[in-house]
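Position one of the sequence shown corresponds to residue 1 (the UniProt record's numbering), numbered consecutively onward. Glycine included, C-beta positions come from ideal geometry on N, C-alpha and C. In what follows, a structure is listed as structure tokens, so that the remarks can point back to it.
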Amino acid sequence: MKTIVFIETNKSGSSREAIQAAERLGFFTVLLTNKRRFIDQRTEFPDVHQMILVEIFDYDQLSEKIIKLIKQGKQIKGILSFVDPFVHVAASLSEEFCPGVVSSIPIQKMEDKVLTRELLKDLSMSPRYAIYTPNHSLEGFINKINRFLPLIVKSPLSTGSKDVLLANDEYQLKRSMQYLLRKYEKEPILLEEYLTGPQYLIEALVHNGEVHIVAIIEQEITFFQRFIVTGYCLLADTDRDFYNKIYEKVSSILQAFEMKNGACHLEMRLVQGEWKLIEINPRISGGAMNQIIETAFGINLVEETIQLFLGNKPCLIKKQNKYAYAHYLTINSKGKLLKVTGKNRCSQYPGVEKVYIKPRKGQILRPPLSMGDRYGYILASSDDKEEAKRIVMKAKRELRFHLEALE
């Protein structure tokens, strides 16, 4: 039985859509997860043919589960993950049990923000940065670094903006670093210069050393207590010079990682005409990204990523060419969710492709402290960029989250 093993997933979004794609491709799908609630909600995962509860951070235990699957007669064709920080773990297991075209080494470097900065430090795209290690004096470090304020303070292990902090002054810098030291104890802290300018997300695949830019997406970032991406606009058309410069920078970065086959997304900011790398991750962006790309171009990127990892050539030919805009939903106050109204009316607006509401009744909602505190999205498409945005913002007026205030 031809089988693909997935290491962890989210309930929805790119990682879940990858499992659904594997099922469509005719594979037996196995999910290794440490989320007991998924076991309790087993009937909500019809695309997962076998779900196994496992200590997901224990490599030996993961290996044992895969050996057991092989003994059951399953032919393991791929071991994949679309969830941080398991992408390189899946690639390492793949090298052990079903060697293919993907190397775990570039993936592991990409997952670690400190290793990434060290690797790319000589490239023009790299912002100024410093690394603090906990065995050094915090006061002494702050005295050296505070002349470069404002600074971005982040954990190398952080995902989804929850531990990416802005320090405008010395007090905020010290408080941010102390917060991360308490949370991550012996882990280093990465500090980067604060850059201003429009930010873009670039989805890319590398096949046999050739870089393919699949999509370029404008990001709208809102600063609450954290930096939260609230809007994604996929560009159907880009200026040739603009595209060529992005392609050149992305190719240089991926060459530094020596990535021959793989998937990644890069967040880059255009600062006074110069491209700077904010972040890189060795997978498709999560959430609505796969839907956004499929809406705009008719390309199912998670499916093509699976094909790539299986050693096949990904098909990245556009079936259509539209602007797609996704706006994420956040709330301004904390409370228990009673109900959400207006979803059907919102869905019926011409041009709206999808309305997704994440939380369930009774869940406690809060203003965003991470990307995980975005409670759904509205996705629309149009031949015109501004029209796609107008459709979403008009449809959004129909939606209302009814909350019970918490005392």
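Endpoints, the alpha helix (DSSP H) within which residue i is located
{"i": "Phe-148", "result": "From DSSP, Phe-148 is part of no alpha helix (DSSP H); its letter is neither H nor E."}
{"i": "Asn-281", "result": "Premise fails: Asn-281 lies in the beta strand (DSSP E), 274-281, not in any alpha helix (DSSP H)."}
{"i": "Tyr-194", "result": "Per DSSP, Tyr-194 belongs to no alpha helix (DSSP H) and is neither H nor E."}
{"i": "Leu-310", "result": "Neither: Leu-310 is in no alpha helix (DSSP H) and is coded neither H nor E."}
{"i": "Met-110", "result": "104-111"}
For residue i, the first and last residue of its enclosing beta strand (DSSP E)
{"i": "Met-259", "result": "It is not in any beta strand (DSSP E) - Met-259 carries neither H nor E in the DSSP assignment."}
{"i": "Phe-401", "result": "400-405"}
{"i": "residue 418", "result": "No statement about residue 418 is possible, as the shown extent of the chain runs from 1 to 407 and does not include it."}
{"i": "Tyr-132", "result": "129-132"}
{"i": "Ala-204", "result": "199-207"}
{"i": "Phe-28", "result": "28-33"}
{"i": "Ser-382", "result": "376-382"}
{"i": "Ala-167", "result": "164-167"}
{"i": "Cys-233", "result": "227-234"}
{"i": "Ile-213", "result": "210-223"}
{"i": "Asn-340", "result": "Sequence check: residue 340 is Val here, not Asn. 335-341 is the extent of the beta strand (DSSP E) around Val-340."}
{"i": "Thr-3", "result": "2-7"}
Residue from the options whose Cα sits closest to the Cα of residue i
{"i": "Asp-241", "options": "Tyr-232, Glu-218, Leu-337 and Gly-273", "result": "Gly-273"}
{"i": "Pro-359", "options": "Ile-228, Ile-216 and Leu-337", "result": "Leu-337"}
{"i": "Lys-2", "options": "Phe-27, Glu-187 and Lys-334", "result": "Phe-27"}
{"i": "Pro-106", "options": "Lys-35, Leu-399 and Leu-254", "result": "Leu-254"}
{"i": "residue 425", "options": "Lys-343, Leu-301, Gly-262 and His-88", "result": "Outside the displayed span of the chain (1 to 407) sits residue 425, for which this structure offers no information."}
{"i": "Ile-56", "options": "Ile-70, Arg-36 and Thr-116", "result": "Arg-36"}
{"i": "Gln-50", "options": "Glu-44, Leu-32 and Leu-62", "result": "Leu-32"}
{"i": "Val-250", "options": "Arg-397, Cys-264 and Val-54", "result": "Cys-264"}
{"i": "Thr-238", "options": "Ile-292, Gln-75, Ala-90 and Ala-215", "result": "Ala-215"}
{"i": "Lys-276", "options": "Met-289, Glu-294, Ile-299 and Ile-246", "result": "Ile-246"}
{"i": "Asp-58", "options": "Tyr-349, Leu-379, Gln-75 and Pro-85", "result": "Pro-85"}
{"i": "Leu-25", "options": "Gln-307, Gln-41 and Ile-217", "result": "Gln-307"}
{"i": "Leu-80", "options": "Gln-72, Leu-62, Lys-71 and Lys-68", "result": "Leu-62"}
{"i": "Ser-126", "options": "Met-393, Lys-186, Val-271 and Glu-258", "result": "Val-271"}
{"i": "Val-206", "options": "Met-259, Leu-191 and Asp-163", "result": "Met-259"}
{"i": "Val-355", "options": "Arg-16, Ile-299, Ala-380 and Leu-157", "result": "Ala-380"}
{"i": "Gly-298", "options": "Ile-278, Ile-280, Gly-362 and Lys-322", "result": "Lys-322"}
{"i": "Leu-406", "options": "Leu-365, Met-371, Ile-145 and Arg-390", "result": "Leu-365"}
{"i": "Asn-34", "options": "Lys-65, Glu-17, Ile-4 and Glu-23", "result": "Lys-65"}
{"i": "Lys-162", "options": "Leu-369, Gly-351, Leu-180 and Val-30", "result": "Leu-369"}
{"i": "Lys-334", "options": "Glu-353, Lys-319, Ala-90 and Pro-367", "result": "Pro-367"}
{"i": "Ile-131", "options": "Ser-94, Val-83 and Leu-180", "result": "Leu-180"}
{"i": "Gly-13", "options": "Ile-292, Ile-228, Gln-72 and Ser-158", "result": "Ile-292"}
{"i": "residue 412", "options": "Ile-152, Glu-220 and Val-164", "result": "Lying before the first or after the last residue shown, residue 412 is absent from the chain, which here runs from 1 to 407."}
Which of helix, strand or coil DSSP assigns to residue i
{"i": "Lys-249", "result": "helix"}
{"i": "Phe-57", "result": "coil"}
{"i": "Val-83", "result": "coil"}
{"i": "Tyr-179", "result": "helix"}
{"i": "Ile-317", "result": "coil"}
{"i": "Arg-360", "result": "coil"}
{"i": "Ile-142", "result": "helix"}
{"i": "Gly-372", "result": "helix"}
{"i": "Thr-330", "result": "coil"}
{"i": "Arg-397", "result": "coil"}
{"i": "Val-352", "result": "strand"}
{"i": "Gln-50", "result": "strand"}
{"i": "Thr-43", "result": "helix"}
{"i": "Arg-16", "result": "helix"}
{"i": "Arg-366", "result": "coil"}
{"i": "Gln-75", "result": "strand"}
{"i": "Leu-270", "result": "strand"}
{"i": "Leu-190", "result": "strand"}
{"i": "Lys-322", "result": "coil"}
{"i": "Lys-154", "result": "strand"}
{"i": "residue 410", "result": "The structure shown does not extend to residue 410, since the chain is modelled only from 1 to 407, so the question has no answer here."}
{"i": "Lys-11", "result": "coil"}
{"i": "Lys-121", "result": "coil"}
{"i": "Glu-64", "result": "helix"}
{"i": "His-136", "result": "coil"}
{"i": "Leu-93", "result": "helix"}
Between the stretch 321-339 and the stretch 224-238, do three or more beta carbon pairs fall short of 8 Å? In this structure the stretch 321-339 lies against the stretch 224-238, because at least three pairs of beta carbons, one per stretch, are closer than 8 Å.
I'd like to know if the stretch 134-141 and the stretch 301-321 are in contact, where contact means that at least 3 CB-CB pairs between them fall below 8 Å. In this structure the stretch 134-141 does not touch the stretch 301-321; the number of beta carbon pairs closer than 8 Å is below three.
Are the stretch 219-231 and the stretch 296-311 touching, with three or more C-beta to C-beta distances below 8 Å? Taking 8 Å as the limit for Cβ pairs, the verdict is that the stretch 296-311 does not touch the stretch 219-231.
Okay, do the stretch 113-121 and the stretch 92-101 touch, 3+ Cβ pairs below 8 Å being the bar? The stretch 113-121 and the stretch 92-101 do not touch, with fewer than 3 CB-CB distances between them shorter than 8 Å.
Three CB pairs or more closer than 8 Å across the stretch 339-351 and the stretch 281-293: These segments do not touch.
Could you say if the stretch 166-185 and the stretch 199-211 meet the contact criterion of at least three C-beta pairs nearer than 8 Å? The stretch 166-185 and the stretch 199-211 do not touch, with fewer than 3 CB-CB distances between them shorter than 8 Å.
Between the stretch 199-208 and the stretch 155-171, are three or more C-beta pairs nearer than 8 Å? Put simply, the stretch 199-208 does not touch the stretch 155-171. Fewer than three CB pairs are less than 8 Å apart.
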